[in-house]
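Step one of this worksheet: look at the structure below.
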Amino acid sequence: LGFDDLLTGVHRALDGGTLARRIRDRYPWALIDEYQDTDQVQAEIFRRIYRDARLADDIGALIIVGDPKQSIYRFRSADIFAYLNTSDAVAADAKLNLARNYRSVPALTEAVNTVFDHPCPFALPGIGFAPVQSAVEKPSLVVDGETVAGAGNAPFQIRYFQWVPKLLWTKPNMGDLAARLAADEIAALLELADQGRAKLGCEPVRGSDVAVLVRTAEQGRRVARALHERHIASVEIGIENVIASREAEQLERLLWAIAKPQSPHRTRGALTADVLGLDAASLGALQDDDNAWNVWTERFANWLEEWERADIATLIRRILES
1 LGFDDLLTGV HRALDGGTLA RRIRDRYPWA LIDEYQDTDQ VQAEIFRRIY
51 RDARLADDIG ALIIVGDPKQ SIYRFRSADI FAYLNTSDAV AADAKLNLAR
101 NYRSVPALTE AVNTVFDHPC PFALPGIGFA PVQSAVEKPS LVVDGETVAG
151 AGNAPFQIRY FQWVPKLLWT KPNMGDLAAR LAADEIAALL ELADQGRAKL
201 GCEPVRGSDV AVLVRTAEQG RRVARALHER HIASVEIGIE NVIASREAEQ
251 LERLLWAIAK PQSPHRTRGA LTADVLGLDA ASLGALQDDD NAWNVWTERF
301 ANWLEEWERA DIATLIRRIL ES
């Protein structure tokens, strides 16, 4: 069964109402974070459990936390309208907004408020904007002895190009231009820091203090190239597919062997993974030693029992720590 099959099965099983009441009786309180990334089937499942199957004493509730402006998983079937429909069904006095921002300095928070604080600031009417106040008490960026908040050094700046040759008006070219502009800003800031003119609090700005947010892996690579051209080292986070990594492939081999410990083929594949670390010579010697091979077979069988008894995360943690 795939994940979608599990959802469909649960959705169908809730038709009679009995299962929904039993689930709510066992879990009267539920909190779902990142609700903007749910889909219609998931939303309907929780609606049936926590709205249609109320307990007699009405103990418990479904609490959802989300921000429709952060709905970025449409390619994984996330449906922003599932969030909006649920929000519309909730009474106004049961909704709460986070009024304080703990990540951004006051000048940036005020700028964002100014840009988005107007009727229908986004594409969908149901997505509004609630102004917030900054609660940040971190050291501010200081350039030449002044906090960066003035017109020349505002933390929120929009670049507008009055004229660009039509031949250059393509997504790749503009993507390269945006990457170069970001790299230029970073290079200029770090040069000021080298001169003792740009500081965070009392400390000079360092490269590790700077982050560039991008939407795609390709954008990240463009920025990394632009920084490299300016002799600025950078680290790309979240660019590569974890599932396609060498570590994931080795973990799959290990779990595949644990799932069927009586399979010599699977066991040999798992034993060559870094976490177990047998080289070709050791593996060859092991196959000629029945007692040693049986020890490994029994170990894989024990891991399978632990997997079934506890959970996969606990098992993997124990293997890595052993």
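The sequence shown begins at 1 in the working numbering and counts up by one.
Think of the CB as a built atom: it goes at the ideal place given N, C-alpha and C, for glycine as much as any other residue.
All values derive from a computational prediction rather than experimental measurement.
Worksheet item: Which stretch, first to last residue, makes up the beta strand (DSSP E) that contains W29?
Response: 29–32
Item to complete: Taking all protein chains shown into account, decide if I49 is buried (16 or more other Cβ within 10 angstroms of its Cβ) or exposed.
Response: buried
Worksheet item: Sorted by chain position, which residues of the same chain lie with C-beta nearer than 7 Å to V10's C-beta, five sequence neighbours on each side aside?
Response: I45
Discussion item. Determine whether the beta carbon atoms of L7 and A13 lie at a separation below 7 Å.
Written reply: no
Worksheet item: Under the three-state reduction of DSSP, which class applies to K199: helix, strand or coil?
Response: strand
Discussion item. Using only the alpha-carbon positions, how far apart do T114 and Q133 sit?
Written reply: 12 Å
Worksheet item: Would you call the segment 32–42 and the segment 64–78 in contact, with 3 or more CB pairs under 8 Å?
Response: Cβ pair count under 8 Å is three or more, so yes.
Item to complete: Hey, could you find the ends of the alpha helix (DSSP H) A61 is sitting in?
Response: Here A61 belongs to no alpha helix (DSSP H); instead the beta strand (DSSP E) covers 61–64.
Worksheet entry | Range covered by the beta strand (DSSP E) that runs through L141 | 141–143
Item to complete: Taking W307 as part of the alpha helix (DSSP H), name the residues at either end of that continuous run.
Response: 290–309
Worksheet item: Alpha carbon to alpha carbon, how far is N291 from E298?
Response: 11 Å
Worksheet item: Looking at the structure shown, is L1 part of a helix, part of a strand, or coil, going by DSSP?
Response: coil
Worksheet item: Can you pull the DSSP bridge partners for R100?
Response: Q133
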